[in-house]
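Engineer: I'd like to ask you about the structure that follows.
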Amino acid sequence: MTYAHRSDVRAILAAWEATGSVTDAQLRTLVDLTDASAREELFRAARRVREREFGKDIFAYGFVYFSTYCRNACRFCYFRKANPESMRYRRTEEETVRAAVALKESGVHLIDLTMGEDPYFLSSGEAGYARLVHLVSAVKEATQLPVMISPGVVPAELLPRLRAAGADWYALYQETHTRRLYEKLREGQPYDVRWKAKCAAARAGLLVEEGLMTGLGETADDLVHSLRAMAALDASQVRVMTFVPQAGTPLGGLVPQDSRRERNLIAVMRLLMPDRLIPASLDVEGADGLESRIEAGANVVTSIIPPDAGLAGVAQSEMDIGDGRRTVAGVRPRLEAMGLHLAEPAAYAAWVQAREGAQTHAHEEASA
Ligand code: SAM
Ligand code: MD0
Ligand code: SF4
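See below:
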């Protein structure tokens, strides 16, 4: 592809709007944009679509990484088993509930309960599953907020139980839909098993979040292929994060990439999937990564972490946590300076309910 200018972006967007579809070659061009004014043209289009769908509302997710133990060895992850450098902890149910309540009081719209694939929950049979189900119901009861679970791959039979305990969302990211690359990242965790877990979650009535990672040597073709797969999954929330190299891991020596591609992808996702939720994660570049991702069309701030609970992030395990910059109080004025605001809690809950209803309906039709 030759160097694309603003006029090229205008032409692509005009054709997309006129025909209602976009070619792989056009998507490749958008994903790979480098020229500042061409990218601004793309971002402006993404913001217009976000405003049409969501007005000035932005949602905020509280993040509780309640166990950093993991049975897996993903090559990109700081919390892979046998990384002696990573911080390991497992919070009690009481501590987790306390952190969730503090997040609710600070004004988040949802609690995201994340863990490594901790054997304490996932490899000790029914006793472990019951602990996880109990944890979800305790957080639901104490906060009455929508709850997302990010526990890794769990048995299909557990998903309806987690749903019944109060989980609304199941987050599980494929990272890439290029199998060759996937296999290098998540050794010993078959692509199809991970994919099917998301399908099982949707059948259990959970909303699904799907995600990609950039900066791992993928080509623009790989990304376009992944975007198409993501759109076909019909996930309710879709994300992309730039890989952050981690000490003590096999990919720790990769050259860190800037977030250019991540932000191009956020904008393209907004145009491909206009009415879906798209995170601006504070877990990649910390609190200062907020504005550029919102300007690219994101509408959810994720990885808001209570400052004093000793909890970790994922890609940035410590950045901006202890000093309270990854908080609602930290984020709110920055959104307002952009002419946006945090939505009313009821507006978020209504979005989730409407989407849950639409999903149930779609499954009834599919099985009719
Ligand atoms: N253990 C669960 C799983 O793997 O699905 C949930 C937590 S996992 C740490 C959540 C996500 O964080 C991963 O799917 C990946 O997208 C992202 N992630 C992990 N390490 C990362 C890194 N070094 N840089 C960027 N993103 C990372
Ligand atoms: C984030 N660190 O939102 C979190 C995490 C898991 N559902 C989310 C990757 O950036
Ligand atoms: Fe474990 Fe998730 Fe990290 Fe993989 S990405 S090592 S499953 S915590």
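Position in the sequence shown (first residue = 1) + 7 = the working numbering.
All C-beta atoms, glycine included, are put in the ideal place defined by N, C-alpha and C.
Treat the numbers as computed from the prediction; the structure is a model and nothing was measured.
Give me the DSSP bridge partner(s) of F66.
Structural biologist: For F66, which the question treats as bridged, DSSP gives the partners V307.
Engineer: Is S266 near the ligand MD0, going by C-beta to nearest heavy atom under 7 angstroms?
Structural biologist: No, the Cβ of S266 stays beyond 7 angstroms of every heavy atom of the ligand MD0.
Engineer: Could you work out which residue in E225, P252 and A211 is closest to Q366 when comparing CA atoms only?
Structural biologist: Measuring from the Cα of Q366, the nearest candidate turns out to be A211.
Engineer: Below 7 angstroms, is the gap between the Cβ of V251 and the nearest heavy atom of the ligand SAM?
Structural biologist: Yes, Cβ of V251 sits closer than 7 angstroms to a heavy atom of the ligand SAM.
Engineer: With respect to 7 angstroms, is the separation between the Cβ of D119 and the closest non-hydrogen atom of the ligand MD0 below this value?
Structural biologist: It does: the Cβ of D119 is within 7 angstroms (strictly closer) of some heavy atom of the ligand MD0.
Engineer: Is the stretch 82-91 touching the stretch 301-314, taking contact as three or more C-beta pairs under 8 angstroms?
Structural biologist: They do not touch, by the three-pair rule.
Engineer: Can you check which of these residues, V215, V38 and V71, is closest to L110 by C-alpha distance?
Structural biologist: Minimum Cα distance to L110 is reached at V71.
Engineer: Measuring straight from C-alpha to C-alpha, what distance separates V245 and R97?
Structural biologist: Whole-angstrom Cα-Cα distance: 28 angstroms.
Engineer: Assuming G135 is part of the alpha helix (DSSP H), what are its boundary residues?
Structural biologist: Its alpha helix (DSSP H) spans residues G132 to T150.
Engineer: Indicate the three-state DSSP secondary structure (helix, strand or coil) for M237 in the structure shown.
Structural biologist: M237: helix per DSSP, three-state reduction.
Engineer: Per DSSP, which residues does V71 bridge with? Please list them.
Structural biologist: Looking at the DSSP assignment, V71 forms a beta bridge with L120.
Engineer: In angstroms, rounded to a whole number, what distance separates the CA positions of E194 and R78?
Structural biologist: Using only the alpha carbons, I get a separation of about 12 angstroms.
Engineer: Is T183 near the ligand MD0, in the sense that its beta carbon is under 7 angstroms from a heavy atom of that ligand?
Structural biologist: T183: no, Cβ never under 7 angstroms from the ligand MD0.
Engineer: Should E343 go down as buried or exposed, given a rule of 16 or more other Cβ atoms within 10 Å for buried?
Structural biologist: E343 comes out exposed.
Engineer: Please confirm whether any heavy atom of the ligand SF4 lies closer than 7 angstroms to the CB of C206.
Structural biologist: For the ligand SF4, not one heavy atom lies less than 7 angstroms from the Cβ of C206.
Engineer: Which complete alpha helix (DSSP H) runs does the stretch 251-325 hold, if anything under 4 residues is left out?
Structural biologist: If we require 4 residues or more, the alpha helix (DSSP H) runs fully inside the stretch 251-325 come out as 267-279, 289-292 and 297-302.
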